[in-house]
Amino acid sequence: MEWNWPLAAVVIALLFFGYCAYSVHEGGRSVDRVLDSSLTAQQCYGAGYEAGSAGGPRGATPESEECARWFAMGYSEGRRAGSAFR
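My numbering applies: residue 1099 is where the sequence shown begins, and numbers increase by one.
In structure tokens, the structure reads:
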């Protein structure tokens, strides 16, 4: 049985490009997840910083553990920055 080399090359090329397209798609999704978590961290840190620099009580704890951690760091920095101006 003889191979049809052009057909085999086309099949291999299609498999390769399909794999590349899938990898790019999944890579884009993981980048989106990282950007979403980074934006959430910035928002939680900013809220904590504002609360800390205002000198008020801590208030309600954010719902997620990660957000609470960023909020606490921002609150601590805000307290330090706020006390420097008092």
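For each residue, glycine too, the CB sits at the ideal point set by N, CA and C. In this text, all values refer to a predicted model and were calculated from it rather than measured experimentally.
Cβ neighbour criterion (16 or more within 10 Å) applied to residue i
i     : result
C1118 : exposed
G1146 : buried
F1114 : exposed
Same chain only: Cβ atoms within 7 Å of residue i, ignoring 5 sequence neighbours per side
i     : result
G1150 : G1172, Y1173, S1174, E1175, G1176, R1177, G1180
G1153 : G1180
Whole-angstrom distance between residue j and residue i, CA atom to CA atom
i     : j     : result
G1141 : H1123 : Before going on, a small fix: residue 1141 reads as Gln here, not Gly. Going from the Cα of Q1141 to the Cα of H1123 covers about 27 Å.
E1100 : A1106 : 11 Å
W1103 : Y1120 : 26 Å
Span of the alpha helix (DSSP H) around residue i
i     : result
W1101 : Unbroken run through W1101: none, as it is neither H nor E.
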